[in-house]
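Asker: Chains A and B, in that order, are what the protein sequence lines are. Those letters in the first sequence? Residues 1 to 264, per my numbering, in order. Those letters in the second sequence? Residues 1001 to 1260, per my numbering, in order. From the three backbone atoms N, C-alpha and C, an ideal C-beta is built for every residue, glycine too. Quick caveat, the model's predicted, so the values are computed rather than measured. Once you've had a glance at the structure underneath, I'll fire off some questions.
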Amino acid sequence: MNQKRTDILPPKVRAWLMRYASAIFFIALVGLWEMVCRIGDIPNYILPSPASIFNAFFDVEFSRWLTHLWATLRVALLGFVLSIVISIPLAVAMVRSELMTRVIYPALVVVQATPVVAVAPLIIVLMGTGDPSRILITCMITFFPLVVSATTGMLETPAELVELSQSLRAPRYRETWQIRIPYAIPHIFSGLKVSITLAIIGAVVAEFVAAEEGLGYFIQFSTSFFKIPQAFAGLIFLAVISLLLFKSVTWIQTWLFPWSLPKK
Amino acid sequence: MAQASDRAFVRMEGVGHCYNPEGGPMAVQQIDLEIHRHEFVAVVGPSGCGKSTLLRMVSGLLIPSEGKVSVFEHQVTEPRDDVGIVFQKPTLLPWINVRKNVLFPLKHKYGNYSKADEKRADELLAMAGLSQFAERMPDELSGGMQQRVGIVRALLLNPDILLMDEPFSALDAMTREQIGFDLLNIWRDNPKTVLFITHSISEAVLLADRVLVMSQRPGTVLDLIDIDLPRPRTTETIQTPEFAELTARIRKHIYEPEAH
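Here is the structure:
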C-alpha cells in the first residue's frame, strides 16, 4: 500500500481494526443470522438460529461427541498418514525415472479423476464396513495433492545442486534424501495443508456411505430425524476440527522446518 | 618445478559439443587449450557462446561429442575428485548453517565427516573472512558472502583444479570487484589451477594469467591472450594503460568479430 491517501482513522484505531477485522465481521454475521431467524420467525427445522445450535451442542452428552469425534479423527488421520506414506515414495520414483512417470502418472490421474463419492459404495462392498475401507476412501481423496506437490518441489531443485551432487559422484539416494526432499519441503507442506482438510471430507464421505459412528454419520442421522440444530452443531464442530488440523500442519512446519516458511 | 609445469593439468584437443545426439548446431567446436599448474585461465565470450559447456566438459558433467578433454593426462569420462566447481549462484542449502554447508560435499559423498574436517572448514572460513558467520543460516548472509561460502565449499575437498562458472555474475558491481580481490588472495594462499568463466572482460583481465576469448555460437577460440600484468593486482592495476590496452583488445574481438 504505497499510494498516498489521507486516512480518517487514527493509526491506533486503524491497527486495532486490522487486527480484529475478521473476528468483528464473523461476530456481525452470526448476529445478523440470529436476528433474521428471530424477526422472520423462521422455524428451527428450516434454518436454526445460532442460539438454538449452541443449545443443541450442549444437549448432546459430551462423551457422545467424543465417540463421534474419535471415529472421524481416527479415519481422517490414518487416511492422511497412509497417503503421505504412499505419495512421497511415488513422487521420488517419478522424479528419479522417466519410465516410472510414464507408468504411474496416468494411473494416478485416473484415480484422481474418478469421483470418490461414486466409488465409495463400491469400496464398502469390496472391503466391508470397517475402518479399512473408510481409510482407503480418505486416502484416495488426499493423496493426489501430495504427490503433485512433492514431485513439483523435487523437480524445482536448482540444477546446480544436482550438478554438485553429480560432480561429487554421490550415491543417488543421498541426492534424493539430502537435496531433493528437503528442497521439496515447502511444496510438500502446501500439499499437506490441502490434504488435511480433504482428509476430513474423505472421512465424512465414507461415513455417509456406511458407518455407525463419526461426525458425518451424526450429521446425517440428526438430519434424518429433523434435528436440524443438532446437525448444524455437528457441522460446526467438524469445521472447527478441520481448522485446527489445518493449523496444526502449519505449527508442525514452523516447529520442524522453520527455514521453509516464506520470508516476510 | 619445470617438469611439473610441462605437464598440462587440463588439456583440450579439438573439443566440440553438440547437445543434440542426432546432429544439429554445435554449441562449441575446435577448442584447443592447455592449462598448466597453478595457472589462472579466464574464458570470456558473448552469452550463449558455450563457455559453460566448456566448463562442464572439463568437470566431467558433460562428455564432449568431439575431441578429447584430459585432466592430468587422463581422459575425462566422469567427474573427478580433484576438480572442484563453483557455480553461478552460490546454491547453498537453506536448511543448514554456513559451516555445515561448507562440509556438505563430505556429508554428501561419504555420509559423514570428522572433527578434523570441521577444523579444516573453520580454517577455510577464517581465510575467507567468514569465521563469525559459521553458525549463521545462508539467508542471513549477503550475496557476496554467500558466494564466498560457495568458494570455500569447493575448496574443502582440496581440489587441484577449480572450475568457476560465472561465479560473480549475480553480484552488484561493487561487491563483484571486492570479491574478485578476495578470490585472488584465496588463490595466492591456496594455489590452484583455475578455469574461470565470465562475461566481464575487465574481470577476466584483472584475475587471469591468460584469457581465452570465444566467438559467438558455435563457440570457438578467437584469441588466447597472455595477461602479464604484475601481481599482486590491486585497484591500481585497473588504472594502468596496460590494463586498458588488454581490455580494449578483447573488446575488439567481441564487438567486431568480422575483423578476424
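Starting from the Cα of arginine 172 of chain A, find the closest Cα among A/Ser97, A/Tyr105, A/Ala211 and give me that residue.
Answerer: Nearest of A/Ser97, A/Tyr105, A/Ala211 to arginine 172 of chain A, Cα basis: A/Ser97.
Asker: My understanding is that aspartate 1122 of chain B touches alanine 1134 of chain B, with C-beta atoms under 8 Å, so please give their C-beta distance in whole angstroms.
Answerer: Confirmed, about 6 Å.
Asker: Which residue comes first and which comes last in the alpha helix (DSSP H) that contains methionine 154 of chain A?
Answerer: Its alpha helix (DSSP H) spans residues 131-155.
Asker: Please classify valine 1042 of chain B: does DSSP put it in a helix, a strand, or coil?
Answerer: Here the sequence assigns alanine to residue 1042 of chain B, which means valine is not the residue at that position. In this structure, alanine 1042 of chain B counts as strand in the three-state DSSP scheme.
Asker: For the alpha helix (DSSP H) holding glycine 215 of chain A, just list the boundary residues, first then last.
Answerer: Per the sequence shown, residue 215 of chain A should be read as leucine rather than glycine. Where leucine 215 of chain A is concerned, the enclosing alpha helix (DSSP H) stretches over 215-224.
Asker: Quick one: complete alpha helix (DSSP H) runs, 4+ long, within the segment 1183-1213 of chain B?
Answerer: As far as the segment 1183-1213 of chain B is concerned, its whole alpha helix (DSSP H) runs of at least 4 residues are 1201-1207.
Asker: Verify whether the separation of the beta carbon atoms of isoleucine 1186 of chain B and isoleucine 1151 of chain B is less than 8 Å.
Answerer: A contact, by the Cβ cut-off of 8 Å.
Asker: Any chance you could list the beta strand (DSSP E) runs of at least 3 consecutive residues sitting entirely within the segment 1028-1079 of chain B, in chain order?
Answerer: Counting whole runs of 3 or more residues, the segment 1028-1079 of chain B contains the beta strand (DSSP E) stretches 1028-1035, 1040-1044, 1066-1071.
Asker: Among B/Gly1045, B/Asp1209, B/Gly1129, which one has its Cα closest to the Cα of aspartate 1182 of chain B?
Answerer: Checked all of B/Gly1045, B/Asp1209, B/Gly1129; the closest Cα to aspartate 1182 of chain B is B/Gly1129.
Asker: Decide yes or no for the touch test of the segment 46-60 of chain A against the segment 217-236 of chain A: beta carbon pairs closer than 8 Å, at least 3 of them.
Answerer: The segment 46-60 of chain A vs the segment 217-236 of chain A: in contact.
Asker: Does the segment 1080-1098 of chain B come close enough to the segment 1156-1175 of chain B that 3 or more CB-CB pairs lie under 8 Å?
Answerer: The segment 1156-1175 of chain B is in contact with the segment 1080-1098 of chain B.
Asker: With DSSP collapsed to three states, give me the class of glutamate 175 of chain A.
Answerer: Helix at glutamate 175 of chain A.
Asker: Do three or more CB pairs link the segment 120-136 of chain A to the segment 1053-1072 of chain B at distances below 8 Å?
Answerer: Output reads no: the segment 1053-1072 of chain B does not touch the segment 120-136 of chain A.
Asker: CA-CA distance, serine 87 of chain A and glutamine 166 of chain A?
Answerer: In a straight line, the C-alpha of serine 87 of chain A is about 26 Å away from that of glutamine 166 of chain A.
Asker: Please identify, using Cβ separations under 8 Å, the residues of the segment 139-171 of chain A that lie next to chain B, in order along the chain.
Answerer: Listed in sequence order: Pro158, Glu160, Leu161, Glu163, Leu164, Ser165, Gln166, Ser167, Leu168, Arg169, Ala170.
Asker: With a threshold of 8 Å between beta carbons, is leucine 1114 of chain B in contact with chain A?
Answerer: This sequence places serine at residue 1114 of chain B; leucine is not what is there. With 8 Å as the cut-off, serine 1114 of chain B does not count as an interface residue toward chain A.
Asker: Taking 8 Å as the threshold (C-beta atoms), are threonine 1091 of chain B and leucine 161 of chain A in contact?
Answerer: A contact, by the Cβ cut-off of 8 Å.
Asker: Within the continuous beta strand (DSSP E) that includes aspartate 1223 of chain B, where are the two ends?
Answerer: Looking at the DSSP string, the run of the beta strand (DSSP E) that includes aspartate 1223 of chain B is 1221-1226.
Asker: Do you know how far the Cα of serine 1215 of chain B is from the Cα of histidine 1038 of chain B?
Answerer: So the two alpha carbons sit approximately 26 Å from each other.
Asker: Could you check if leucine 12 of chain A is buried or exposed, using at least 16 other CB atoms within 10 Å of its CB as the buried criterion?
Answerer: According to the sequence as given, residue 12 of chain A is lysine; it is not leucine. That one is exposed.
Asker: For the beta strand (DSSP E) containing methionine 1026 of chain B, name the first residue and the last one.
Answerer: Segment: none, methionine 1026 of chain B is in no beta strand (DSSP E) and carries neither H nor E.
Asker: Does the CB of threonine 1091 of chain B have a neighbour CB from chain A at under 8 Å?
Answerer: Yes, contact with chain A.
Asker: Per DSSP, which residues does glycine 1084 of chain B bridge with? Please list them.
Answerer: DSSP, once it has assigned bridges, lists B/Leu1162 as partnering glycine 1084 of chain B.
Asker: DSSP on glycine 1014 of chain B, reduced to helix/strand/coil?
Answerer: In this structure, glycine 1014 of chain B counts as strand in the three-state DSSP scheme.
Asker: Sort B/Lys1119, B/Leu1124, B/Glu1078, B/Leu1207 by Cα distance to alanine 1154 of chain B and report the nearest one.
Answerer: Taking only the C-alpha atoms, the option nearest alanine 1154 of chain B is B/Leu1124.
Asker: Just the C-alpha distance for methionine 140 of chain A and proline 43 of chain A, rounded to the nearest angstrom, thanks.
Answerer: The straight-line gap from Cα to Cα measures roughly 39 Å.
Asker: Please work out which residues of its chain come closer than 8 Å, Cβ to Cβ, to histidine 68 of chain A, disregarding the five sequence neighbours upstream and downstream, and give them in chain order.
Answerer: Glu213, Gly214, Leu215, Tyr217, Phe218, Gly234, listed in sequence order.
Asker: The ligand HEM and proline 115 of chain A: does the residue's C-beta get closer than 7 Å to at least one heavy atom of that ligand?
Answerer: Annotation note on the ligand HEM: not contained in the displayed structure, which lists no ligands.
Asker: Please list the partners that methionine 1057 of chain B has in chain A, where partner means a Cβ-to-Cβ separation under 7 Å.
Answerer: What methionine 1057 of chain B touches in chain A: nothing, since even the nearest Cβ is about 13 Å away.
Asker: Short check: CB of threonine 151 of chain A to CB of valine 95 of chain A, under 8 Å?
Answerer: Yes. Within cutoff.
Asker: Are the C-beta atoms of arginine 174 of chain A and some chain B residue less than 8 Å apart?
Answerer: Closer than 8 Å: yes.
Asker: Going by other Cβ atoms of all chains shown within 10 Å of its Cβ, with 16 needed for buried, is lysine 1192 of chain B buried or exposed?
Answerer: So lysine 1192 of chain B counts as buried.
Asker: Indicate whether arginine 134 of chain A and alanine 206 of chain A have their beta-carbon atoms separated by less than 8 Å.
Answerer: A contact, by the Cβ cut-off of 8 Å.
Asker: Could you tell me the distance, in whole angstroms, from the CA atom of glycine 40 of chain A to the CA atom of isoleucine 236 of chain A?
Answerer: Cα to Cα, the separation comes out at about 23 Å.
Asker: Using the beta-carbon count (16 or more within 10 Å), is methionine 1026 of chain B buried or exposed?
Answerer: Buried: at least 16 other Cβ atoms inside 10 Å.
Asker: Out of A/Ile201, A/Cys37, A/Leu256, point me to the one whose CA is closest to alanine 239 of chain A's CA.
Answerer: The candidate whose alpha carbon is nearest that of alanine 239 of chain A is A/Ile201.
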